[in-house]
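Chemist: Following this message is one structure expressed as structure tokens.
Numbering (the working numbering), first residue to last: 38 to 533.
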């Protein structure tokens, strides 16, 4: 693929990018569902917890090595891509900074393992996961996101995930295969990074002439501070559970959050494609377009996240037994507590986050996530010792709710966003109808196998929800219905 030409920059459809990103996030649901179902039964809660603790430890260093470049880089590439020479220079500068920071963090990683030298860090798993830190050098996803190449990202992810599933059956066969599972997780990351390097020359080239690293340091550090705050309050749960409980509890919580984040991250993907486009709109001061695009994504997010939250809360028992097995039954309550994140995360990490970052309000974004991190740590310290994994879940909910409300407050200072009362009521009524349908199935259909019952609940619930949206004349449902009718009519017309 040749370097992107100026005239092609804005031709990429936001809708198509969102669809590609949704497909990509969909893959991050389908394939992990396969792996989590298989691996949980082989390794058990304690095995899953041991691997999760080691991976969580390495994630701190990966975060430090990345220095916020994955977020800042998208914005920098999006704003410079119309000028290939400038884009090459920006890429080279950011890659160089990332190279030095990664080398430094690898050294610190091994020094920390030597310094701690306890039963956790002497485990082989902690040594294996340094692979994730080393390969951060090739974490160039921000280049492809900046160029809005979500089609390529989706195809590449599919290939790597398919290979990972195939490798899983060879590497994880008994409860002792923790090392094999750890290597599998590493492959899923560095496989993507290596393919990114192979395809890189189609978009940017290294240009070390007149590079200026210093100009990026201040904005990178602002992004980095935000990333640190975010990562701390997403990693601190596992860290504190590891320190205060045991591997089994960590396993329950780890798998619960995986299931929740599969759903939440798919919705967050809807608005993740906004960053390159909003960066351009803010750069050109096209505020009407900013409001239009942001409002559309907010409406879609609300319409999908609310029923997803309700549905997951209700089907949690069947979901845990089907995916994780009976030994993970304590995770049912944890998943139910965390289900509210399916609404909160796509808002705070999606629409509101994109508005703050692309409008130059990184400091306000930092205030939000730093506040959330502090709240999460304080609540974890007090709740985990009494409620174990459920205490960590409650802490996450409270912290995320605070972050979401604060981000909404700051976002409204930039663009006024709201959900129409009629549409919101329609969504609530439709979610209520869906809730009733699931409860009816639970009460009257008890003879089915658990997985068949789960599938029945999901299919009927989705059908009832969208049918009620149409009956209540939800604006979004009407738009989708018109597009389907139009496409169907076109197909019939071509055949006649």
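Glycine residues also receive a C-beta, built at the ideal position from the N, C-alpha and C atoms.
1. Please tell me whether residue 183 and residue 127 are closer than 7 angstroms, where the distance is taken between their beta carbons.
2. Give the straight-line distance between the Cα atoms of residue 53 and residue 452, rounded to the nearest whole angstrom.
3. Flag this pair as yes or no: are the beta carbons of residue 467 and residue 505 separated by less than 7 angstroms?
4. For the segment 359-401, list the alpha helix (DSSP H) runs that are entirely contained and at least 4 residues long, ordered along the chain.
5. What's the C-alpha gap between residue 397 and residue 191?
6. Just mark residue 138 as buried or exposed, buried being the case when its beta carbon has 16 or more other beta carbons within 10 Å.
7. Within the same chain, show all residues whose beta-carbon is closer than 8 angstroms to that of residue 356, passing over the 5 residues directly before and after it, in chain order.
8. Run through DSSP, which three-state label would residue 423 get?
9. Under a Cβ-count criterion, where at least 16 other Cβ atoms within 10 Å of its own Cβ denotes burial, should residue 419 be classed as buried or exposed?
10. Can you name the start and end residues of the alpha helix (DSSP H) that residue 481 belongs to?
11. Jot down the residue ranges of each uninterrupted beta strand (DSSP E) in the segment 262-344, minimum 3 residues, whole runs only, in chain order.
12. Any idea what DSSP makes of residue 251, helix, strand or coil?
13. Quick one: what does DSSP say residue 502 is sitting in, helix, strand or coil?
14. So residue 104 is in the alpha helix (DSSP H); what residue range does that whole segment cover?
15. Tell me whether residue 518 sits in a helix, a strand or coil according to DSSP, three-state version.
16. Which value, in whole angstroms, describes the spacing of the CA atoms of residue 60 and residue 447?
17. Does DSSP put residue 189 in a helix, in a strand, or in coil?
18. Quick check: the Cα distance between residue 336 and residue 508, rounded to an integer number of angstroms?
19. Note down the Cα distance separating residue 92 from residue 288, rounded to an integer number of angstroms.
20. Check whether the segment 139-147 touches the segment 196-213, taking contact to mean three or more Cβ pairs, one atom from each stretch, closer than 8 angstroms.
21. Under DSSP, the alpha helix (DSSP H) around residue 122 begins and ends at which residues?
22. Run the proximity test for residue 362: is its beta-carbon closer than 6 angstroms to any non-hydrogen atom belonging to the ligand ATP?
23. How many Å lie between residue 151 and residue 273 at the Cα?
24. By DSSP, does residue 431 sit in helix, in strand, or in coil?
25. Would you call the CB atoms of residue 136 and residue 106 closer than 7 angstroms?
26. Measure the alpha-carbon distance for residue 341 versus residue 381 and round it to whole angstroms.
27. For residue 74, does the count of other Cβ atoms within 10 angstroms reach 16, so buried, or fall short, so exposed?
28. Which class does residue 45 belong to by DSSP, given the choice of helix, strand or coil?
29. Using 10 angstroms around the beta-carbon of residue 221, count the other beta-carbons present and answer buried if the total reaches 16, otherwise exposed.
Modeler: In brief:
1. By one-based count along the chain shown, residue 183 stands at place 146. By one-based count along the chain shown, residue 127 stands at place 90. Going by C-beta atoms, residue 183 is not nearer than 7 angstroms to residue 127.
2. In the chain shown, counting from the first residue as 1, residue 53 sits at position 16. In the chain shown, counting from the first residue as 1, residue 452 sits at position 415. C-alpha separation (whole angstroms): 24 angstroms.
3. Within the chain shown, numbered from 1, the residue matching residue 467 stands at position 430. Within the chain shown, numbered from 1, the residue matching residue 505 stands at position 468. Yes, the pair counts as a contact, with Cβ atoms nearer than the cut-off.
4. 368-375, 378-383 and 389-395
5. Counting from one through the chain shown, the residue named residue 397 turns up at place 360. Counting from one through the chain shown, the residue named residue 191 turns up at place 154. Taking the straight line from one Cα to the other gives about 29 angstroms.
6. Residue 138 sits at position 101 when you count from the first residue of the chain shown. With 16 or more other Cβ atoms within 10 Å, it is buried.
7. Residue numbering aside, residue 356 sits at position 319 when the chain shown is read from its first letter. 296, 349, 372 and 491.
8. As a first step, residue 423 is located in the chain shown; it is residue number 386 there, counting from the start. Residue 423 falls in the helix class under three-state DSSP.
9. Within the chain shown, residue 419 is the residue found at index 382, counting from 1. Exposed: under 16 other Cβ atoms inside 10 Å.
10. Within the chain shown, the letter at position 444 stands for residue 481. Residue 481: member of the alpha helix (DSSP H) spanning 458-481, first to last residue.
11. none
12. The residue given as residue 251 occupies position 214 in the chain shown. Helix.
13. Taking the chain shown and counting its residues from 1, one reaches residue 502 at position 465. Correct three-state label for residue 502: helix.
14. Residue numbering aside, residue 104 sits at position 67 when the chain shown is read from its first letter. Taken as a continuous stretch (DSSP letters only), residue 104 belongs to no alpha helix (DSSP H), as it is neither H nor E.
15. Along the chain shown, read from residue 1 onward, the residue named residue 518 stands at position 481. Three-state DSSP puts residue 518 in a helix.
16. Within the chain shown, the letter at position 23 stands for residue 60. Within the chain shown, the letter at position 410 stands for residue 447. Going from the Cα of residue 60 to the Cα of residue 447 covers about 30 angstroms.
17. For the purposes of this step, residue 189 is taken as residue 152 along the chain shown, with counting starting at 1. Correct three-state label for residue 189: helix.
18. Locating residue 336 in the chain shown gives position 299, counting from the first residue. Locating residue 508 in the chain shown gives position 471, counting from the first residue. Cα-Cα distance, rounded: 18 angstroms.
19. The count along the chain shown starts at 1 and reaches residue 92 at position 55. The count along the chain shown starts at 1 and reaches residue 288 at position 251. Going from the Cα of residue 92 to the Cα of residue 288 covers about 12 angstroms.
20. no
21. In the chain shown, counting from the first residue as 1, residue 122 sits at position 85. Counting along the chain, the alpha helix (DSSP H) containing residue 122 begins and ends at 121-153.
22. The model depicted lacks the ligand ATP and carries no ligand whatsoever.
23. Along the chain shown, read from residue 1 onward, the residue named residue 151 stands at position 114. Along the chain shown, read from residue 1 onward, the residue named residue 273 stands at position 236. Computed Cα separation, rounded: 22 angstroms.
24. In the chain shown, the residue the question calls residue 431 occupies position 394. Reduced to three states, the DSSP call for residue 431 is helix.
25. For the purposes of this step, residue 136 is taken as the residue at position 99 of the chain shown. For the purposes of this step, residue 106 is taken as the residue at position 69 of the chain shown. No. Outside cutoff.
26. Residue 341 sits at position 304 when you count from the first residue of the chain shown. Residue 381 sits at position 344 when you count from the first residue of the chain shown. Using only the alpha carbons, I get a separation of about 12 angstroms.
27. Reading the chain shown from its first residue, position 37 is the one you call residue 74. By the 10 Å Cβ count, residue 74 comes out exposed.
28. What you label residue 45 is simply residue 8 of the chain shown in a count that begins at 1. Its pLDDT being 47, under 50, residue 45 is placed unreliably by the model, and the measurement read from it follows with that caveat. Looking at residue 45 - three-state DSSP - the assignment turns out to be helix.
29. Here residue 221 corresponds to residue number 184 of the chain shown, with the count starting at 1. Residue 221 should be labelled buried.
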